[in-house]
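The block underneath contains the structure these notes are about, expressed in structure tokens.
In the UniProt record's numbering, the protein residues as written are 1 to 420.
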């Protein structure tokens, strides 16, 4: 605050308990008496006697009654998020921060050359101020907005610093858990609905990332902050095709996007699933030998252990099935089916019979085995050389075809669930 170079002899506390009352918040709740009698404790003596006289002059000529029927435009000049609490068990989110609002009020302007002041602090009952409330709070834990500093420029531009605490119920989405991003919106407005139109300064929109540098949140990272302008009041009241009593349609909205800090996602969830997938697919190289069902059985056991780990990480109150859990279930079902098919085909390949298979089936099996040529073990070669094993080539053809189809199914599943 710029002030004239004179000594202020009246900047004193009239009562020794002023500091105690100020610490209890009386400078805001009982502003008129406290600012006049506890000037030091309430910091109301900036600028000396000239500032006090100017403030009294403006307050004497100012009438809030003439401001009631005016729709004011209030601009959000700055926004800083300090702390975010994500309560997944109770399904709500609380955000703490500071907001700077500005508006023009010609009744607070003065001649800077005459008074020697460029800025002047006010207390809240002297001039008009927006009275913010949250429109969509949780019923048991409402949000709170506390005005900290109210100051005006000699041009009539008024600035208000607010500390806010917003809370809103939120249904967490767990489809992409634990690599999920949650977007939560908090609606706020003036308590005199349709009396204030909120706009957002371009600086707030362009400095989103700078305002998140000091944000504290446990287990989450704030990705972005968006503040949406409120719709113009005349548009809301004039369009009767919409619900004219929907107060939330015309307010200002603060939206946060937060990403879960899941450093274990790749090492504990994705990589084990991909490793067991590789065991399942490449077991076809040991076609119908003893190694193939052993690899498939080992893959099933590994997947069950991996599912136990995923289940320990997943919140018990999750209402959606995560993508990683869908893929784990798909992987387990396919591996189990392939394991049973491999056991059946191995038994079929070693079955001795004097009745040959139909000629067209043998032709199809020969075509498949020529296209999908996979080296056989010595044991398989002996079985194939046994003239009484009529169904060996057919078992090999079915085995190779099934594993090619399963490999394509894995490729489609990985592409849809993890890449797209």
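Just so you know, even glycine gets a beta-carbon here, dropped at the ideal spot from N, CA and C.
What you are looking at is a predicted structure, and each value in this text was computed from that prediction instead of being measured.
Looking only at 78, 305, 280 and 156, the smallest Cα-Cα distance to residue 342 is reached by 280.
According to the DSSP assignment, residue 331 belongs to no beta strand (DSSP E) but to the alpha helix (DSSP H) extending over 323-349. About 5 Å separates the beta carbon of residue 110 from that of residue 154, a gap short enough to meet the 8 Å contact definition. Cβ-Cβ separation between residue 168 and residue 186: approximately 5 Å, consistent with a contact (criterion under 8 Å). In this structure residue 254 does not touch residue 217 by the C-beta definition: roughly 15 Å separates them, more than the 8 Å allowed.
Nearest to residue 370 by alpha-carbon distance, out of 346, 347, 349 and 396, is 396. Excluding sequence positions up to five before and after residue 62, its CB lies within less than 7 Å of the CB of 107, 126 and 127, all in the same chain and listed in chain order.
Between residue 418 and the set 80, 328, 19 and 173, the nearest pair of CA atoms involves 328. Scanning 164, 322, 347 and 267 for the CA closest to the CA of residue 81 turns up 164. In the pairwise beta carbon analysis, the stretch 266-276 is classified as not touching the stretch 89-101: fewer than three pairs are separated by under 8 Å.
In the three-state scheme derived from DSSP, where H, G and I count as helix and E and B as strand, residue 111 is classed as coil.
Taking 4 residues as the minimum length, the alpha helix (DSSP H) runs contained wholly in the stretch 247-310 are 271-282, in order along the chain. Taking the CA atoms as reference points, residue 337 sits about 15 Å from residue 288.
CA-to-CA, the gap between residue 335 and residue 368 works out to about 22 Å. Rounded to the nearest whole angstrom, the C-alpha separation of residue 316 and residue 86 is 16 Å. DSSP, reduced to helix, strand and coil, places residue 214 outside both helices and strands of the structure shown, so it counts as coil. Separation of residue 215 and residue 292 (C-alpha to C-alpha, rounded to the nearest whole angstrom) is 53 Å. Distance between residue 84 and residue 181, taken at the CA atoms: about 14 Å. Close CB contacts of residue 309 within its chain, under the 7 Å cut and outside five residues either way in sequence, are with 268 (chain order). Distances from the alpha-carbon of residue 391 to those of 404, 363, 24 and 411 put 363 closest.
Non-local beta-carbon contacts of residue 142 in its own chain, meaning distances under 8 Å to residues more than five positions away in sequence, involve 134 and 167 in chain order. Judged by DSSP in its simplified three-state form, residue 73 adopts strand.
The continuous stretches of alpha helix (DSSP H) do not include residue 179, and DSSP gives it neither H nor E. Residue 145: member of the beta strand (DSSP E) spanning 144-153, first to last residue.
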